[in-house]
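For the sequence shown, position 129 matches number 145 in our numbering, and the numbering has no gaps at all.
Note that beta-carbon positions come from the ideal geometry of N, C-alpha and C, so glycine has one too.
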Amino acid sequence: MTSHMNQPFYLRIILALLMASSYSISARAQTYPTDDAVIKQMWELGVENSQTRTLAHELLDVIGPRLSGTAGLSDAQDWALSKYEEWGIPARKEEYGTWIGWEQGILHVDMISPRVTSLEAELLAWSPGTDGPIEGYITVPPADLSTENVEEWLSSIKGKFVLTSRPEAMCRARQELEEYARPETVERLRDDRRQSSTDWNNRLRPIGDFRSRDARLDSAGVAGLISSRWSGGWGVNKVFSTSSRRAVAVDISCEDYGLLYRLAQSGHTPRLRIEAEANYLGTVPMFNVIGEIRGSEKPDEYVLLGAHLDSWHAATGATDNGTGTLTMLEAMRILRTAYPNPKRTIIVGHWGGEEQGTIGSGSFREDHPEVMDGLQVAFNQDNGTWRFERIEGQGFLASAAHLPKWMAVVPTEISSHITLEVPGAQNNGGSDHTSFLCAQAPSFRLQSPYDEYRQYTWHTNRDTLDKIVFDDLAENATLAAMLAYMASEDPTKMDRSLANLPVSLRSSQPRSWPNCRAPRRSSQ
C-alpha cells in the first residue's frame with residue numbers, strides 16, 4: 017500500500033493545500049440524451065420505468081421492520097433472493113454469525129389513574145414481554161439519590177415502573193420554536209434543558225452507567241422500565257434496545273412521558289397497565305445477501321454496491337435503510353438488463369447487523385480478502401430519501417482522477433446537483449463504507465441531505481414508506497447503476513495512494529487513517 021509520503025514533494029504540497037480547504041468540484045455532464053447507449057438504456061429503465069414503488073411496498077409495507085434476530089430480517093433476505101432469481105442474477109445468503117432470536121407481538125400501554133388514557137409507546141428491541149396485562153405505579157429516581165442510599169431505594173421499587181429518561185419541558189420542534197418564540201424564551205429553554213440534563217444524569221449515576229443501568233433495575237424486581245428518547249421533532253422518538261431480560265422495557269412518546277413525570281412530581285402518582293407480547297427464540301444465524309454479475313474480462317476485480325438491509329423496529333425502516341436497499345436492488349436490475357456482461361465483476365451486498373456496529377459488512381471484509389485485494393471501488397448508500405448531493409473521495413488521491421471521469425457521462429438532470437469532494441477528508445462515517453475504508457480499499461458513500469433525516473426518520477417511530485421521495489429514489493438507483501458501469505469499464509484500476517487527512521481539532525495533529533475492528537459476530 018502506497019502512502020502520501022511516497023508522492024513527489026511538489027505533489028504532496030499541492031495536495032496538502034487542497035486538503036486544508038477540502039476543495040469541491042461540481043460534476044459536469046452532457047445533457048441527456050447521451051451518445052452512450054448503455055447510459056441511455058439505464059435512464060430508460062431506472063428513471064422512466066422505475067420499479068422502486070412496487071419494491072418499496074413489498075419490502076416496507078408487507079414485510080416491515082427488519083431487526084437483527086427477527087423473522088422480519090429473515091423474510092426480507094429471502095425476498096431479496098427471490099427478486100434476484102426473478103431477474104436472472106445469481107445471489108446467495110452468506111452466514112457470518114449469530115444473534116438473539118426475538119419475536120414481538122402486540123403492545124398496549126395505558127395510564128389507568130389519576131385518569132384513563134392510552135399512551136403512545138414502542139417496545140424496546142429484545143425486551144421481555146409480560147405474562148398478560150401487568151399494573152404498577154410510576155416511580156422516579158429521587159434527586160438526592162447517592163451511592164450511600166441507592167441500595168435502600170432499589171429495595172423500594174419492586175413491582176413499580178421506573179422512569180429512566182430525562183423529561184422534556186417542551187416537545188416542540190426546535191425550528192418552529194426558534195422562528196416564532198422570543199429570543200429570550202429560546203435561550204431560557206436552552207439553559208433549562210442543559211441544567212435538567214445535568215441534574216438528571218446526577219440522579220441516575222448511582223444506579224450505574226448507561227450500559228448497566230437497565231440490568232440493575234431489572235434485578236431489583238421492577239415491573240418495567242419506561243424511557244423516552246425524543247428526536248427533537250413533532251411526535252418522533254428514537255427507539256433502540258434494552259439489556260433487561262425480565263422486566264418489560266418500553267419507550268413512551270415525549271408528550272406522554274412528560275405527562276407521567278409531571279403527575280408523579282405533583283403527587284398524583286400515575287398507575288400504568290402494560291400488556292406486551294414478546295418471545296425469545298434462542299440463537300439464530302445471521303446472514304448477508306450477496307448478488308453477483310460475473311466479470312467478462314477482469315473477473316477478479318470488483319465493483320461493490322452496498323446497503324444494509326437490517327433496521328430498527330419501531331417503524332418500517334423506510335429511510336434507514338429501506339431506501340438504500342432499494343437503490344442497490346434496483347441498480348442491479350438496471351445493470352442486469354443494460355450491462356449484462358461487465359468487464360469487472362459487480363457485487364451487491366445487502367448487509368446484516370449494521371445497526372449493531374457494521375457487523376455484516378465487516379464480516380464480509382474479513383471473509384473475502386480476494387474482494388478487498390481486487391476491489392476497484394465500493395459505493396454504499398445509507399441516509400434517507402432526497403437526491404444524492406455529494407460524493408466524497410474519502411482521502412484517496414486517485415478519486416480526483418476517477419470520480420469526475422465516471423460522472424462525466426451521467427445526464428445533467430442527475431449530475432448537476434451533485435458535488436464531488438476530492439480527494440476528501442473522510443467527513444462522513446458511521447456506516448458500512450467504513451468497513452472497507454479501514455482496509456484502505458476505495459469505498460465511497462453516496463450522500464443525501466442529512467438534517468431532516470437525523471431529526472425525523474433516523475432510528476425513529478416515524479420511518480415509514482410515506483417519507484420516501486420516489487422521484488429522487490429512482491434517480492439515485494439509476495446513478496448507482498451508471499457509476500458501477502463506468503467503474504467496471506474504466507481501463508485503469510484505482511490506485512490506493514492516500515492523501516493527507518485534515519488536522520484533528522482535539523489533538524492538533526493530522527488525523528490518522530481509521531483502523532479495522534473485528535466485527536462482533538454474536539450477541540453474547
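Beta-bridge pairing by DSSP links I150 to I290. Under the three-state reduction of DSSP output, F256 falls in the coil class, being neither helix nor strand.
The DSSP assignment places complete beta strand (DSSP E) segments of no fewer than 3 residues inside the stretch 202–267 at 240–243, 246–249, in order along the chain. In the DSSP assignment, M510 is bridged to no other residue. With 16 or more other Cβ atoms from the protein chains shown falling within 10 Å of its own Cβ, V178 counts as buried.
In the DSSP assignment, T114 is bridged to P301. For N492, there is no enclosing beta strand (DSSP E); the residue is found in the alpha helix (DSSP H) stretching over 486–505. By the neighbour-count criterion, in which a residue is buried when 16 or more other Cβ atoms sit within 10 angstroms of its Cβ, R349 is buried. Between D234 and A263, the beta carbon gap of about 5 angstroms places them in contact (Cβ cut-off 8 angstroms). In the three-state DSSP reduction, H73 falls in the helix class (H, G or I). Residue state for T68 is assigned as helix, using DSSP reduced to three classes.
Cβ-Cβ separation between D230 and S260: approximately 5 angstroms, consistent with a contact (criterion under 8 angstroms).
Listed in chain order, the non-local C-beta contacts of K174 below 6 angstroms within the same chain comprise G237, local neighbours out to five positions each way being set aside. The alpha-carbon of E382 is positioned some 29 angstroms away from that of R406. Excluding five sequence positions before and after L71, the CB atoms of its chain that fall closer than 8 angstroms to its own CB belong to K99, L342, L345, E346, given in chain order. For H324, the uninterrupted beta strand (DSSP E) run begins and ends at 314–324, by DSSP. The beta-bridge partner set that DSSP reports for L462 consists of I407. DSSP lists W118 as the bridge partner or partners of Y296. With a threshold of 16 other beta carbon atoms within 10 Å, N477 meets it and is buried. Residue environment for G104: exposed (fewer than 16 other C-beta atoms within 10 angstroms of its C-beta). Ranked by Cα distance from G311, the first of D511, L320, F226, P222 is L320. Per DSSP, L139 is one residue of the beta strand (DSSP E) stretching across 137–139. By the criterion of a C-beta distance shorter than 8 angstroms, M388 is surrounded in its chain by R381, F452, A455, A457, once the five residues flanking it on both sides are discounted. In the three-state scheme derived from DSSP, where H, G and I count as helix and E and B as strand, K56 is classed as helix.
A contact between stretches requires three or more CB pairs, one per stretch, nearer than 8 angstroms, and the stretch 361–369 meets this requirement with the stretch 321–328.
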